[in-house]
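**Student:** This is the structure, below, for whatever I ask next.
Protein chains: 2
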Amino acid sequence: MSGGVEWGLHCCVVLSGAGAPVPAAKLAELHDVSQSYLAKQLQLLSRAGLVRSSLGQAGGYVLTRSASEITVLDVIEAIDGAQPAFRCTEVRQRGPLATPAERCDTPCPIARVMAAADRAWRESLRGITIADLVADVSRTTPAEQLDRARAWLRA
Amino acid sequence: MSGGVEWGLHCCVVLSGAGAPVPAAKLAELHDVSQSYLAKQLQLLSRAGLVRSSLGQAGGYVLTRSASEITVLDVIEAIDGAQPAFRCTEVRQRGPLATPAERCDTPCPIARVMAAADRAWRESLRGITIADLVADVSRTTPAEQLDRARAWLRA
DNA sequence: GACTCTCGGACAAAAGTTATCCGAATTGAG
DNA sequence: CTCAATTCGGATAACTTTTGTCCGAGAGTC
Chain F
37 MSGGVEWGLH CCVVLSGAGA PVPAAKLAEL HDVSQSYLAK QLQLLSRAGL
87 VRSSLGQAGG YVLTRSASEI TVLDVIEAID GAQPAFRCTE VRQRGPLATP
137 AERCDTPCPI ARVMAAADRA WRESLRGITI ADLVADVSRT TPAEQLDRAR
187 AWLRA
Chain H
37 MSGGVEWGLH CCVVLSGAGA PVPAAKLAEL HDVSQSYLAK QLQLLSRAGL
87 VRSSLGQAGG YVLTRSASEI TVLDVIEAID GAQPAFRCTE VRQRGPLATP
137 AERCDTPCPI ARVMAAADRA WRESLRGITI ADLVADVSRT TPAEQLDRAR
187 AWLRA
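Set out below in structure tokens:
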């Protein structure tokens, strides 16, 4: 899985706490990552409709919906794509004993098992929203630190 | 996920049906894949203790246990390694508002969510054995074709 | 003793990931 | 209206992982 997913999730958490648009450069500085590369991840989030960018002097990124309506899976699929980790190369249709393609109407058992596992993985991630992450963060970190973060974002 | 996983699973299915050791070259020809590269995957399976190689003229690979005692996850972890797809880079310990390392005794919420999804994925794959795959294959393919496969392996 | 086979590492090519930079377009403030 | 700040998108390069090949050493069988 792409490392950009982690950045994207952190950005969404931060964005849900900020009341105003946050420039990409600020998000990069906050997380101490390359701002050029983070920009690319944010563009992916924007293309997926999870965030919106406003141009101009006071521009930046904002979530398009409530944090409780954005799942972790949404972010992952926006950045990494929705394609499953396993892709069947139809080994059974190759080699000296290849079964003809017209017989392969159903996916091979291996692909089926992998697809089921992939569904379980996605289902687990679909059940968690950005709001859940935020709740977890604000529960485990002291309020004073959260205030400092908000102040830093405004500055 | 590495493409070699698919080959490894197919090989285990074939091996469970063959009564005698099958050389790596034969497995490669059967699946029409590079024999040098497949050899590497088989070595990984061997190192993990799933298959055993016998040397000499009638040598080849054999499963070390019953197909019902080898899970799909066993094969995946043997070839791809047991490391989870997501690895937390501890973003919270970086940047101007970094939380000190001594405060990070518990994993960050994002890592926790990812780990839970990873467990769900692995649990799903741990529940399926090579024997299940074999049963599925022998149920969906005509007996005549299975006999041809067995005959080809012996030759 | 000759043959067959596996083992393991070294090595090369291809693909994907990570990262950088620059110009164009857009918006808000003076 | 003009200027400064900002995002957007593409082109590009460095790096890492994956994929694939090759060959010699060692071990077993006939």
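If you read the sequences in order, they're chains F and H. Take the first sequence: its letter number 14 is residue 50 in the working numbering, and every next letter is one higher. Take the second sequence: its letter number 125 is residue 161 in the working numbering, and every next letter is one higher. Yeah, the Cβ is synthetic: ideal placement off N, Cα and C, and Gly gets one too.
Excluding the five sequence neighbours on either side, which residues of its own chain have a C-beta within less than 6 Å of the C-beta of H/A64, listed in chain order?
**Tutor:** Numbered from its first residue, the second sequence carries residue 64 of chain H at position 28. For H/A64, where only same-chain residues beyond five positions count, the Cβ hits under 6 Å are Q71 and L74.
**Student:** Could you say if the segment 164-183 of chain F and the segment 91-104 of chain H meet the contact criterion of at least three C-beta pairs nearer than 8 Å?
**Tutor:** The segment 164-183 of chain F vs the segment 91-104 of chain H: no contact.
**Student:** List the residues of chain F that H/C124 touches, going by C-beta distances under 9 Å, in chain order.
**Tutor:** Translated into positions along the second sequence, residue 124 of chain H becomes position 88. What H/C124 touches in chain F: E42.
**Student:** Using the beta-carbon of each residue, which ones in chain F are nearer than 7 Å to H/I164?
**Tutor:** For the purposes of this step, residue 164 of chain H is taken as residue 128 along the second sequence, with counting starting at 1. Within 7 Å Cβ-Cβ: V149.
**Student:** Report the three-state DSSP secondary structure of H/L86 (helix, strand or coil).
**Tutor:** Taking the second sequence and counting its residues from 1, the one referred to as residue 86 of chain H is at position 50. H/L86: coil per DSSP, three-state reduction.
**Student:** Between which residues of its own chain and H/D116 is the CB-CB distance below 7 Å, once the five residues before and five after are set aside?
**Tutor:** For this step, residue 116 of chain H is matched to residue 80 along the second sequence. M37, S38 and V41, listed in sequence order.
**Student:** Of all Cβ atoms in chain H, is any one closer than 9 Å to the Cβ of F/A60?
**Tutor:** Counting from 1 along the first sequence, the entry for residue 60 of chain F is found at position 24. Chain H contact via Cβ: absent.
**Student:** Please return the same chain residues whose Cβ sits closer than 7 Å to the Cβ of F/R158, not counting the five positions on each side in sequence.
**Tutor:** Position 122 of the first sequence holds residue 158 of chain F. Correct list, in chain order: L109.
**Student:** Could you tell me the distance, in whole angstroms, from the CA atom of F/K62 to the CA atom of H/D141?
**Tutor:** As a working mapping, residue 62 of chain F is identified with position 26 in the first sequence. As a working mapping, residue 141 of chain H is identified with position 105 in the second sequence. So the two alpha carbons sit approximately 27 Å from each other.
**Student:** Between H/E113 and H/L161, what straight-line distance do the alpha-carbon atoms span, to the nearest angstrom?
**Tutor:** As a working mapping, residue 113 of chain H is identified with position 77 in the second sequence. As a working mapping, residue 161 of chain H is identified with position 125 in the second sequence. For H/E113 and H/L161, the distance between alpha carbons rounds to 11 Å.
**Student:** With a threshold of 9 Å between beta-carbons, can H/T100 be considered close to chain F, or not?
**Tutor:** Here residue 100 of chain H refers to the residue found at position 64 of the second sequence. Chain F, which has no Cβ nearer than 9 Å to the Cβ of H/T100, makes this no.
**Student:** Give a yes or no on whether the minimum CB-CB distance between H/E105 and chain F is below 9 Å.
**Tutor:** What you label residue 105 of chain H is simply residue 69 of the second sequence in a count that begins at 1. Not closer than 9 Å to any Cβ of chain F, the Cβ of H/E105 fails to qualify, so no.
**Student:** Can you give me, in chain order, the residues of the segment 132-147 of chain F that have a beta carbon less than 9 Å from any beta carbon in chain H?
**Tutor:** Here the close residues are P132, L133, A134, T135, R139, T142, C144, P145, I146 and A147.
**Student:** Pairing CB atoms from the segment 82-92 of chain H with CB atoms from the segment 166-178 of chain F, are three or more of them under 8 Å?
**Tutor:** These segments do not touch.
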